[in-house]
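Reviewing the structure listed below.
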Amino acid sequence: MLPLTAIIPLALFMAILLAAALCALAASGHFPREHRPASLTTPLGAGILHGSMALCVLSVVAGVALIAPIVPWYAAVIGGGAVILATPPLLQPLPDHFVNGRGALLTFAGTSALMAALLNLVAG
């Protein structure tokens with residue numbers, strides 16, 4: 012049985028992982044370089060692309076570190092797996108101009124960082 016004190020941290024971790032997975036899936040369409048739109052071939056665009064991925068990785072690592080002492084490992088694995096499986100169906104209905112541009116990268120990376128900050132407040 013999952014302790015009641017672990018439910019909110021687990022939900023926040025799942026939100027971090029969902030936002031990071033959505034960002035990674037949106038970013039995967041921009042590789043190799045020839046497949047990038049013009050807005051992501053500039054130095055600023057490349058910084059947004061790589062910076063958003065780095066921010067998501069940091070958010071997930073922070074989330075894992077914060078929930079490790081609170082949430083049982085089996086709950087984190089089940090919740091994380093469910094979120095990873097839900098990622099493609101959640102990204103598919105979004106508009107192509109959003110997913111293929113800077114908007115998705117900035118939105119999902121910012122969301123993962125915000126959820127990591129909230130998890131730090133709750134679990135820290």
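The sequence shown begins at 12 in the numbering used here and counts up one residue at a time.
Note that beta-carbon positions come from the ideal geometry of N, C-alpha and C, so glycine has one too.
A quick note: this is a predicted structure, and the numbers were derived from the prediction, not measured.
Item to complete: Pick out whichever of A17, L28 and I19 has its Cα sitting closest to the Cα of G91.
Response: For G91, the nearest C-alpha among the options comes from L28.
Item to complete: Can you tell me which of the three DSSP states G91 falls into?
Response: helix
Worksheet item: DSSP on R113, reduced to helix/strand/coil?
Response: helix
Worksheet item: Quick one: is G135 buried, meaning 16 or more other Cβ sit within 10 Å of its Cβ, or exposed?
Response: Exposed is the label assigned to G135, since fewer than 16 other Cβ atoms lie within 10 Å of its Cβ.
Worksheet item: What alpha helix (DSSP H) runs, 4 residues minimum, are completely inside the region 12-67?
Response: 18-39
Worksheet item: Taking just the CA atoms, how far does A37 sit from Q103?
Response: 10 Å
Discussion item. Here's a check: name, in chain order, each residue in its chain whose Cβ is nearer than 6 Å to the Cβ of A124, leaving out the five neighbours to either side.
Written reply: L66 and S70
Worksheet entry | Spatial distance of L129 from A115 (CA atoms) | Cα to Cα, the separation comes out at about 21 Å.
Fill in: Best match in M25, L15 and M12 for proximity to A73 [C-alpha to C-alpha]
M25
Item to complete: Check whether the Cβ atoms of V75 and L21 sit closer than 8 Å, and answer yes or no.
Response: no
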